[in-house]
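In order, the protein sequence lines correspond to chains A and B. In this text, residue positions in the first sequence follow this note's numbering: the first is 3, and each later residue adds one. In this text, residue positions in the second sequence follow this note's numbering: the first is 1181, and each later residue adds one. Every residue gets a Cβ at the ideal spot worked out from N, C-alpha and C, and that includes glycine. Single-structure report; data block below.
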Amino acid sequence: MPDFLAELFKLAPGALELGLINALVVLALFLSYTMLNVCDLSTDGCFTLGAAVGAMVALSGHPFLSIIAAMAAGMLSGLVVSFLQTKMGINSLLAGIIVNTGLYSVNILIMKNSSLVNLNKTETVFTLLKEKLKGTFLEGSYRIIIASVFVILVILFLSFFLRTRLGLAIRATGNNPAMVKASSINPAFTTIVGLCVANAFTALSGCLLAQNQKSANIDIGNGMVTVALASLLIGNVFLGKGKVTRRAIGAVLGAVVFRFVYAVALRFNMPASMLKLVSAVIVILAIFIPYAASQSSQVKRRMELKGGRKDA
Amino acid sequence: MLELIGISKTFNPGTLNQKVAIKDLSLKINDGDFITIIGSNGAGKSTLFNAIAGSFVTDSGRIVLDGKDITMLSDHKRARYIGRLFQDPMLGSAPGMSIEENLTLAAGKGGWFSRITKAERKAFKEKLSLLGMGLEDRLEQPVGLLSGGQRQALTLLMATYNPPKVLLLDEHTAALDPATADKVIELTKRIVEENHLTCLMITHNMHQALDLGNRLIMMDGGNIIFDAADEEKKALTTEDLLRKFRENAGKNLDNDRMLLS
């Protein structure tokens, strides 16, 4: 048993680091899915876009600019998705899928017609901090430090932003668009702002993951929307109610827990390719269980009636 | 002054479901008018409100508010001048947000990045206490926890927080129980009087239509068939209304809910 605990302990840093990087996408979905009530299916492509842009700019020798460029690219992608759904009459799910498809080609183009960009010898924020910390007791923790800093910055931003008038309007847009209009605010505008901000975080996450693993490939974002949604819904279980900050922290916690459970499952010889099936099942269950609970009284009544008929 | 000049609206034109909802309707609404509106089913009462609020652009005619042509102004821009309550108490507020957050959006003060201030909170409490529902102590609670009557009262407060030039009430008490409905009507009367609001109220309750306001309008077939103000309105009885309807519409008043009440 102590062996088992020691094993878990060994898994923790890796899971924490990936969990924190993923948490940025989860926070993006917290904004778009939970707050704005839009299921943004361009998330996968946008994540890859962030990885691609971040990798190319880092390759050109600008490690800090790469992060800003990735976020700007994500914003642009969010702008396109929201424009399609608010100004061109395209259903929001379809808008996401269309942009996702288009982004595949865009991402290949950005990576100079290649599906893989190698960052092995490239200077990134990770390598910079690694050098800075050389010889100190934090030497091994540079990845977690960078991921934590970004997660904390995004949480601070969200807990400020979602309490401003603009943030309230964005939340109301997901809650009751008619009421937003009654407050003389155009819900199209709030949707556009919300999706731009959310996609900036998605792309940031992609950028950090690529720089962390020292490569960006065209598949890096595949299935990300489901993985992030699973994490978000796990987070809801822990801290799903209350103030916005609390729920945002819950989203991060969900991402870390998800990665940790996944790491443990891998340790017990679950094939790595199962990640997506597991996240798909989690999303299904997380949405189905509350639904089933809400329907349970009806189902019970139906069963009783059926039983009654048999008795008669 | 709100002026409707020959407005018309046809739904599904050119199809089997073509429905002329409003036909060449003209109406002058003076500042301070409190107009109650009654009419048969499908008379065009709600369509009239939709036209005023800008839910659609009318097929023809013009809408002029205080000398400004608002015919082409989109609904969310008109909301600055026109407040509106629906029959469904759920439509006016965001259930997942707190009372103070809802009020902040309704108040619409400050820039995009401003946050709720202490002064605003104090003002919210004062206004809420006037409703007499104890909502002033529940500022941080989600609106979804309120009862239908409380939500409609809150919506009334939100719609009139910045006194609108015109307030549209579309059977806003019809979904409430009688006691709560009376309370919301009392609140409506008081808020309209205190702010000298110009108000249009659709109702299926003939007594309400006679008791409230200074002017009464009867609608049928997408137009106004009877319009009485001041002394003329004061003298009206429910029998008068039924007779007027028969004379002017050439049929009996067929609002099913109205006959029940």
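1) Within 8 Å of any Cβ in chain A, is that where the Cβ of B/P1275 sits?
2) Spell out the partners DSSP gives B/D1442 in its beta bridges.
3) Run the CB neighbour count on A/F152, radius 10 Å, all protein chains shown included, and call it buried at 16 or more, exposed below.
4) Looking at chain B, is there any beta carbon in it that lies within less than 8 Å of the beta carbon of A/I187?
5) Does any CB atom of chain B fall closer than 8 Å to the CB of A/K183?
6) B/L1422 and B/Q1332 look like a contact to me (Cβ under 8 Å); what is the Cβ gap, rounded to whole Å?
7) On the DSSP bridge assignment, give the partners of B/S1240 in chain order.
8) For B/D1211, name the three-state secondary structure that DSSP assigns.
9) Using a 10 Å radius around the Cβ and a threshold of 16 neighbouring Cβ atoms, would you call A/L140 buried or exposed?
10) Pick helix, strand or coil for B/I1296, following the three-state DSSP scheme.
11) Any Cβ of chain B within less than 8 Å of the Cβ of A/A314?
12) Ends of the beta strand (DSSP E) at B/L1265?
13) Considering only C-alpha positions, which residue in the set A/L43, A/N238 and A/F191 is nearest to A/L105?
14) Could you confirm whether any beta carbon from chain A is found closer than 8 Å to the beta carbon of B/S1454?
15) Put A/S34 into one of helix, strand or coil per three-state DSSP.
16) Compute the Euclidean distance between the alpha carbons of A/K132 and A/F11, then round it to the nearest angstrom.
17) Check whether the Cβ of B/F1425 lies closer than 8 Å to any Cβ atom in chain A.
18) Within 10 angstroms of its Cβ, does A/V283 collect 16 or more other Cβ (buried), or is it exposed?
19) Starting from the beta carbon of B/K1257, find every residue of chain A whose beta carbon is closer than 9 Å, and list them in chain order.
20) Where do the N-terminal and C-terminal ends of the beta strand (DSSP E) with B/R1318 fall, by residue?
21) Can you tell me whether DSSP reads B/F1406 as helix, strand or coil?
22) Using only the alpha-carbon positions, how far apart do A/G76 and A/I222 sit?
23) Give the residues of chain B in contact with A/V238, contact being defined as C-beta atoms less than 7 Å apart.
24) Quick one: which residues of the stretch 155-174 of chain A get their C-beta closer than 9 Å to a C-beta of chain B? List them in chain order.
25) Where does B/E1183 sit, in a helix, a strand or coil, going by DSSP?
26) Per DSSP, A/L118 is paired with what?
27) Given that B/L1380 touches chain A, what residues does it touch there, using C-beta distances under 7 Å?
28) Span of the beta strand (DSSP E) holding B/I1397?
29) What did DSSP end up calling A/T193 once you bin it into helix, strand or coil?
30) Could one say the Cβ of A/A180 lies closer than 8 Å to chain B's Cβ atoms, at least one of them?
31) Leaving out the 5 sequence neighbours to the left and right, which residues in its chain are closer than 7 Å to B/P1343 when beta-carbon positions are compared?
32) Can you grab the Cα-Cα spacing for the pair A/F32 / A/I289, in whole Å?
33) Whose Cβ in chain B lies nearer than 7 Å to the Cβ of A/N177?
34) For A/L61 and B/D1317, I'd like the C-alpha separation in whole angstroms.
35) To which residues does DSSP link B/S1278 through a beta bridge?
36) Evaluate B/K1363 with the Cβ neighbour count: other Cβ atoms within 10 Å of its Cβ, from every protein chain shown; 16 or more gives buried, anything less gives exposed.
Result, derived from the coordinates:
1) Answer yes: the Cβ-Cβ gap between B/P1275 and chain A drops below 8 Å somewhere.
2) Lying before the first or after the last residue shown, residue 1442 of chain B is absent from chain B, which here runs from 1181 to 1441.
3) Under this definition A/F152 is a buried residue.
4) Residue contact check for A/I187 against chain B: a CB pair falls below 8 Å.
5) Yes, its Cβ sits closer than 8 Å to a Cβ of chain B.
6) Contact doesn't hold; Cβ gap of about 29 Å is too wide.
7) Under DSSP, B/S1240 forms a beta bridge with B/S1188.
8) In the structure shown, B/D1211 falls within a coil segment according to DSSP collapsed to helix, strand and coil.
9) With fewer than 16 other Cβ atoms within 10 Å, it is exposed.
10) Coil.
11) The pLDDT assigned to A/A314 is 46, lower than 50, so where the model puts this residue is not dependable, and the model offers no usable value.
12) Counting along the chain, the beta strand (DSSP E) containing B/L1265 begins and ends at I1262 to L1265.
13) Of the candidates A/L43, A/N238 and A/F191, the one whose C-alpha sits nearest the C-alpha of A/L105 is A/L43.
14) Since the first and last residues shown for chain B are 1181 and 1441, residue 1454 of chain B lies out of range.
15) If DSSP states are grouped into helix, strand and coil, A/S34 belongs with the helices.
16) Rounded to the nearest angstrom, the two C-alpha atoms are 22 Å apart.
17) By this cut-off, B/F1425 is not an interface position.
18) The residue is exposed, with fewer than 16 neighbouring Cβ atoms inside 10 Å.
19) Proximity of chain A to B/K1257 at the Cβ level (cut-off 9 Å) is accounted for by S186 and N188, in chain order.
20) Careful: B/R1318 lies outside any beta strand (DSSP E) and carries neither H nor E.
21) Three-state result, B/F1406: strand.
22) Per the coordinates, the alpha-carbon of A/G76 lies some 15 Å from the alpha-carbon of A/I222.
23) Strictly speaking, residue 238 of chain A in this sequence is Asn, with Val absent from that position. Within chain B, no residue has its CB atom less than 7 Å from the CB of A/N238, the nearest being about 13 Å off.
24) For the stretch 155-174 of chain A, which is checked against every Cβ of chain B, the residues closer than 9 Å are F162, F163, R165, T166, R167, L168, G169, L170, A171, R173 and A174.
25) For B/E1183, the three-state secondary structure derived from DSSP is strand.
26) A/N219.
27) The contacting residues do not exist; B/L1380 stays about 16 Å from chain A at best.
28) Its beta strand (DSSP E) spans residues R1395 to D1400.
29) DSSP places A/T193 in helix when its eight states are reduced to three.
30) Yes, its Cβ sits closer than 8 Å to a Cβ of chain B.
31) Excluding residues within five positions, the ones whose Cβ falls inside 7 Å are N1375 and L1377.
32) C-alpha separation (whole angstroms): 15 Å.
33) Near A/N177 (Cβ distances below 7 Å), the residues of chain B are A1274, P1275, G1276 and M1277.
34) Their Cα atoms are separated by approximately 58 Å.
35) B/S1278 pairs with B/P1322.
36) B/K1363 is buried by the Cβ-count criterion.
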